[in-house]
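>
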Amino acid sequence: MKEPIENRKIKVALVGAGRISKNHFDSIEKYAQDLELVGICDADSTVLEKVSAERNAPGFRDLSEMLSKSKPDVVSVCGPSGLHPDHAMHALKAGCHVITEKPMATRLEDGRRMVQLADELDLHLFVVKQNRRNATLQLLKNAVEADRFGPIYMVNINVFWTRPQEYYDMSPWRGTWELDGGAF
178 MKEPIENRKI KVALVGAGRI SKNHFDSIEK YAQDLELVGI CDADSTVLEK
228 VSAERNAPGF RDLSEMLSKS KPDVVSVCGP SGLHPDHAMH ALKAGCHVIT
278 EKPMATRLED GRRMVQLADE LDLHLFVVKQ NRRNATLQLL KNAVEADRFG
328 PIYMVNINVF WTRPQEYYDM SPWRGTWELD GGAF
């Protein structure tokens with residue numbers, strides 16, 4: 178395991194400056210007393226230039242270059258879903274802990290390889306769970322922990338989330354088998 182980071186900020190780099198990256202940037206900004214954004218990587222030079230200027234961080238079109246020049250402790254993987262395994266494993270091989278957006282992979286074997294590599298290198302691999310702090314889920318969790326319902330023998334949950342066509346129209350990779358695992 179890497180030595181604990183003490184007496185300095187944790188250096189964070191981000192790959193994939195699209196829609197979901199705003200949440201990651203906002204979290205880095207919120208915890209600026211402990212985190213420092215040291216690099217942003219995106220293949221789209223227009224997006225990269227805009228986001229780098231907005232976030233006052235160096236921009237890179239090449240992941241290897243970003244990793245070698247910015248030397249992050251943690252890499253936040255926010256690109257197209259089908260690229261998560263490659264980006265995460267690249268960062269792990271560079272000695273970085275990884276926070277990856279969901280899905281961690283679109284193929285089971287890729288997910289297994291990611292976990293195996295993180296284990297071999299004794300690095301952390303974390304998949305974003307964006308609803309763990311959802312107010313409704315927290316109320317339910319607290320009620321269960323308080324034994325409000327008594328013994329629970331079965332649970333059936335339906336989640337009615339949808340993605341409108343506009344979501345898929347935002348980026349050409351969305352909904353594709355290769356980079357997004359398909360769509361319903």
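With the first letter of the sequence shown counted as 1, position 4 gets the number 181 in the numbering used here; the numbers rise by one all the way through. Here a beta-carbon is modelled for each residue, glycine too, at the ideal position from N, C-alpha and C.
Quick check on the DSSP output: the beta strand (DSSP E) that includes residue 303 runs from which residue to which?
Indexing the sequence shown from 1 puts residue 303 at position 126. Residues 302-304.
> Residues in its own chain within less than 7 Å of residue 232 by CB, not counting five upstream and five downstream?
What you label residue 232 is simply residue 55 of the sequence shown in a count that begins at 1. Annotation for residue 232: 202, 214 and 217 place their beta carbon closer than 7 Å to its own, counting only its chain and skipping 5 residues before and after.
> Could you pull the DSSP bridge partners for residue 253 from this structure?
Here residue 253 is taken as the residue at index 76 of the sequence shown, counted from 1. DSSP output for residue 253 lists 191 and 276 as bridge partner(s).
> Per DSSP, residue 286 is paired with what?
Position 109 of the sequence shown, counting from 1, holds the residue named residue 286. Answer by DSSP bridge pairing: none, since residue 286 is not bridged.
> What residue range is occupied by the uninterrupted alpha helix (DSSP H) comprising residue 213?
Sequence index remark: in the sequence shown, residue 213 carries index 36 (1-based). Going by DSSP, residue 213 is part of no alpha helix (DSSP H) but of the beta strand (DSSP E) stretching over 212-218.
> Does the count of Cβ pairs from the region 248-256 and the region 181-191 closer than 8 Å reach three?
Verdict: yes, contact present.
> Look at the Cβ atom of residue 222, then the Cβ atom of residue 196, and state whether they are nearer than 8 Å.
As a working mapping, residue 222 is identified with position 45 in the sequence shown. As a working mapping, residue 196 is identified with position 19 in the sequence shown. Their beta carbons are not under 8 Å apart, which means residue 222 does not touch residue 196 by this criterion.
> Are the beta-carbon atoms of residue 193 and residue 219 separated by less than 8 Å?
Working through the sequence shown from its first residue, we reach residue 193 at position 16. Working through the sequence shown from its first residue, we reach residue 219 at position 42. With respect to residue 219, residue 193 sits close: the two C-beta atoms are nearer than 8 Å.
> Using 8 Å as the cut-off, can you tell me whether the region 254-273 makes contact with the region 343-357, which would need three or more C-beta pairs spanning the two stretches below that distance?
yes
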